[in-house]
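J.:
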Amino acid sequence: ISNNDLTCSLHKTNPATGDYFSGIAFNNNIAYLLHSQDNSYSTCNIATNGTLTNCKTDSISEFNKPSSISFYTLPAIPPTPPDPTKIKPYFYALSSSSSGSRVYQKCGIKADGSLDVCTNHTIDTVLPQSIAFYNNTAYVVNNAFGNLAPPSYTMCSVNALDGKLEKCTRIYTNSAEPGNAYSNPFFEAKTMTIGSNKKAYIALDDGTVESSGYSICNIDDKMKLTDCYAYRNAFESMTRPYYINTNNNYAYITNDAQRANSNPNSYTICKINQQDGLLKECSFHENQILNHPTNIIFNNGLAYVGAYSTNGSNSYTICQIDSNNGDLINCQAPNRENGLESNVFTMNMYDNYAYAVYDSHNYSKCTVNTTTNLLENCTLYNNTFGDHYVGIMGIYKYQIKN
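Numbering follows the numbering used here, with no gaps: position 146 of the sequence shown is 147.
#1: For D206, collect the residues of the same chain with a Cβ closer than 7 Å to its Cβ; drop the 5 residues on either side in sequence, then sort them by chain order.
#2: Please name the residue, chosen from M156, V104, N339 and A150, that lies closest to N136 on a Cα-to-Cα basis.
#3: Shortest alpha-carbon distance to N301 belongs to which of L341, T368, N374 and T347?
#4: Does DSSP put L162 in a helix, in a strand, or in coil?
#5: Give the range of the beta strand (DSSP E) segment to which F236 is assigned.
#6: Per DSSP, Y105 is paired with what?
#7: Using a Cβ-Cβ cutoff of less than 8 Å, which residues in the same chain neighbour N315 once the five nearest sequence positions on both sides are dropped?
#8: Round the Cβ separation of V250 and K272 to the nearest angstrom and send it over; I've been treating them as touching at under 8 Å.
#9: Look at the alpha carbon of D125 and the alpha carbon of T138, and state the distance between them as a whole number of angstroms.
#10: Starting from H286, trace the beta strand (DSSP E) both ways and give me its first and last residue.
#11: Alpha carbon to alpha carbon, how far is Y173 from P151?
#12: What would DSSP say about L291, mapped onto helix, strand or coil?
#13: Is it the case that the Cβ atoms of C332 and N288 are separated by a distance below 8 Å?
#14: From the DSSP output, read off the bridge partner residues of E167.
#15: Evaluate contact between the stretch 115-130 and the stretch 46-61, counting only Cβ atoms and requiring at least three cross-stretch pairs below 8 Å.
#16: By the 10 Å Cβ neighbour count, where 16 or more other Cβ atoms means buried, how is V118 classified, buried or exposed?
#17: Determine which residues share a DSSP beta bridge with I61 and list them.
#18: Given a threshold of 16 other Cβ atoms within 10 Å of its Cβ, counted over all protein chains shown, does L226 qualify as buried or as exposed?
#19: When DSSP labels each residue in this structure, what does S68 get in the three-state scheme?
#20: Rounded to the nearest angstrom, what separates L341 and S131 at their Cα positions?
#21: So K366 packs on G114, CB below 8 Å; how close in whole Å?
#22: Leaving aside the five residues before and after N175 along the sequence, list all residues of the same chain whose C-beta is less than 7 Å from its C-beta, in chain order.
#23: What residue range is occupied by the uninterrupted beta strand (DSSP E) comprising H362?
#24: Helix, strand or coil for A177? Go by DSSP, reduced to three states.
#25: Would you identify the three-state DSSP class for A32, choosing helix, strand or coil?
#26: In three-state DSSP terms, what is S23?
#27: For S235 versus C169, is the C-beta spacing smaller than 8 Å?
Quick look at the structure:
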């Protein structure tokens, strides 16, 4: 077409296509021609100048002198929900000893929620701070301690057969500004979570409002963290951001209950920008009922906040979530159940079971009441982790591929 004029040319097809065409249609740069006198059809490539080339003829016995052809694209089929029989849950506990131990404990989880066959393993890490999982990959945040332990994280594959962390590689991160440690996305990193937007969020705790904040990373096709950037001075009034987690379109960050020099019963909520994943409109909240919060998890539309209780009265707080702004509302701190200790360092859940790990050798397992959502029938297990002091725990549900 030139200057609104249409220029046409006549082309004879390959003899293989025959004559007497009754219909033609195009799909994915292929031309389909129907033959009106029999049950055959031809396919031809479409050259850049529009001519048909490399034509081939075939037949379909069900055809009877077809006269027209068209194509229809089926709508996308919704993904099949995970088959519960193909999910293998594993419990992981990392040593947090000051000696820089590289040991982690891995346990299976039985149908009744109890831990099964716990074993010790070592990986290339130092002073591990937290563990997060995404797409059968584990990420361990290492503590930066001067030149002895430069900022890094350890990345491992999760073995499909036994849940063991393998092919572990310690990855050192660089400062965005040479010579400025605070521009390193893992300097003073504490905990990490991976949101539904395939972004990794890392809480940065430096002890001051100006230097604390968070980092955000993308995850590439090889599951490596990329394009990481640190945002300091990101949380109003929060001097010790420790635990970070996401729920729906919000990020929640708790203040380190043990070391916070102010506002120990506090947390911050931020909106997650849907375009770039950055945390926006952060608001600081203080609530005495939290009783020195540690980590925060979400289950059945509720928030559970672990309590490093100073008075020993409770082990966790349970809150509803305001659908308008994500705030934690109508919080209650149930009296401490038998079988629970008050110095909860990490909480996590699997199915209808809750687990609490303390900065000791011990952990507790509880049942989640499906009516009240409270934890009950708790059992304390002593010295489960041998000589290793454990304060960091994660649960991962490995999806077995067909």
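In this text, a Cβ means the ideal position worked out from N, Cα and C, and glycines have one as well.
T.: Taking the structure as given:
#1: E189, K191, S213, R241, P242, Y243 and D257
#2: M156
#3: Comparing Cα-Cα distances from N301 to each of L341, T368, N374 and T347, the minimum goes to N374.
#4: Of the three classes helix, strand and coil, the one that applies to L162 here is coil, per DSSP.
#5: Run containing F236: none; DSSP gives neither H nor E here.
#6: L95 and H122
#7: Only N292, A308, A334, P335, N336, R337 and S343 meet the Cβ criterion.
#8: What sits at residue 250 in the sequence shown is Asn, not Val. Sure, about 6 Å apart at Cβ, within 8 Å.
#9: 15 Å
#10: Element bounds for H286: L280 to E287.
#11: Each residue's alpha carbon lies about 7 Å from the other.
#12: helix
#13: yes
#14: S158
#15: no
#16: exposed
#17: Paired residues: none, contrary to the question.
#18: With 16 or more other Cβ atoms within 10 Å, it is buried.
#19: coil
#20: Within the model, the alpha-carbon separation for L341 versus S131 is close to 22 Å.
#21: 6 Å
#22: N185
#23: Run containing H362: none; DSSP gives neither H nor E here.
#24: A177: coil per DSSP, three-state reduction.
#25: Correct three-state label for A32: strand.
#26: Strand, per DSSP.
#27: According to the sequence displayed, residue 235 carries Ala and not Ser. No, the pair does not count as a contact, with Cβ atoms beyond the cut-off.
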